[in-house]
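Numbering (my numbering), first residue to last: -17 to 188.
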Ligand SMILES: C[S@@+](CC[C@H](N)C(=O)[O-])C[C@H]1O[C@@H](n2cnc3c(N)ncnc32)[C@H](O)[C@@H]1O
């Protein structure tokens, strides 16, 4: 079971260090330039979150919520900006991404931020979890890449905080995967659209 933890709307008034704001702006420009390229196939599933809001929410979580550890995982990291900003908040952050081109851009992001972080090319869905989807056409489902966890040497239940940006209609599936494989006490932060960040804690099984 998951317990929903309300994130106060005032979270968007939290201070963001100037260097973090600048780094986010630089990455937003890089992402815009990447998406404006007309001479290569678009990666349709890559859409970027509101990174300032994610930073503010994560900072609030670390200040107000109990966390069971420091391991942070970004599901489908794209340019890995959230992995970078989680690292800047002293989390041991790892991003998983199926698209090798995005992994290359993500590594550049981590180099720019220079706060650590690690990226793994592969599938963020643990083996067998696709069966939890009630729709086989969900964007997270059906990637050819093998689950990244073996390569990583960690399982989903080794992470204290998981972050994801589900497509509309995919949020229930991400919640179900987290509920099935995360450790009790772990947190799931989901960016579900502008001003719609959701936080859940995995409850112990009865
Ligand atoms: C909506 S974008 C979010 C990017 C970034 N996390 C953010 O918040 O800005 C979703 C990303 O997840 C990747 N993705 C989707 N399903 C995946 C899967 N099963 N395994 C690994 N990556 C996946 C896509 O390639 C895309 O880059």
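Note that the Cβ used here is the ideal one computed from N, Cα and C, for glycine as well.
It should be emphasised that the depicted structure is a prediction, and the values quoted were computed from it without experimental measurement.
Best match in the options for proximity to residue i [C-alpha to C-alpha]
i: residue 132; options: 72, 108, 50 and 154; result: 108
i: residue 58; options: 104, 187 and 67; result: 104
i: residue 171; options: 186, 154 and 88; result: 154
i: residue 52; options: 139, 188 and 159; result: 139
i: residue 187; options: 20, -10 and 167; result: 167
i: residue 67; options: 164, 135, 161 and 34; result: 34
i: residue 79; options: 73, 69 and 56; result: 56
i: residue 156; options: 177, 136, 72 and 184; result: 184
i: residue 179; options: 0, 29, 37 and 11; result: 37
i: residue 69; options: 48, 83, 100 and 81; result: 100
i: residue 112; options: 162, 50, -3 and 29; result: 162
i: residue 15; options: 117, 47 and 87; result: 87
i: residue 110; options: 125, 98 and 96; result: 125
i: residue 85; options: 169, 0, 13 and 181; result: 13
i: residue 116; options: 158, 98 and 81; result: 158
i: residue 54; options: 48, 76, 22 and 0; result: 76
i: residue 26; options: 176, 50, 128 and 121; result: 121
i: residue 22; options: 142, 74, 83 and 1; result: 83
According to DSSP, residues forming a beta bridge with residue i
i: residue 105; result: 129
i: residue 145; result: 56 and 171
i: residue 100; result: 76
i: residue 93; result: None, per the DSSP bridge assignment.
i: residue 180; result: 172
For residue i, the three-state DSSP class (helix, strand or coil)
i: residue -15; result: strand
i: residue 204; result: Nothing can be reported for residue 204, as the shown portion of the chain is limited to -17 through 188.
i: residue 20; result: coil
i: residue 42; result: helix
i: residue 1; result: helix
i: residue 157; result: helix
i: residue 71; result: coil
i: residue 122; result: coil
i: residue 151; result: coil
Original post:
Between the stretch 50 to 67 and the stretch 89 to 101, do at least 3 Cβ pairs fall closer than 8 Å?
Top reply: Using a C-beta cut-off of 8 Å, the stretch 50 to 67 makes contact with the stretch 89 to 101, since at least three inter-stretch Cβ pairs fall below that distance.
Original post:
Is there contact here, the stretch 145 to 152 with the stretch -8 to 9, by at least three beta-carbon pairs under 8 Å?
Top reply: Contact fails: fewer than three Cβ-Cβ distances are below 8 Å.
Original post:
Would the stretch -14 to 2 and the stretch 37 to 49 be scored as touching if the rule is three or more Cβ pairs under 8 Å?
Top reply: Contact between the stretch -14 to 2 and the stretch 37 to 49 is present, because at least three Cβ pairs lie under 8 Å.
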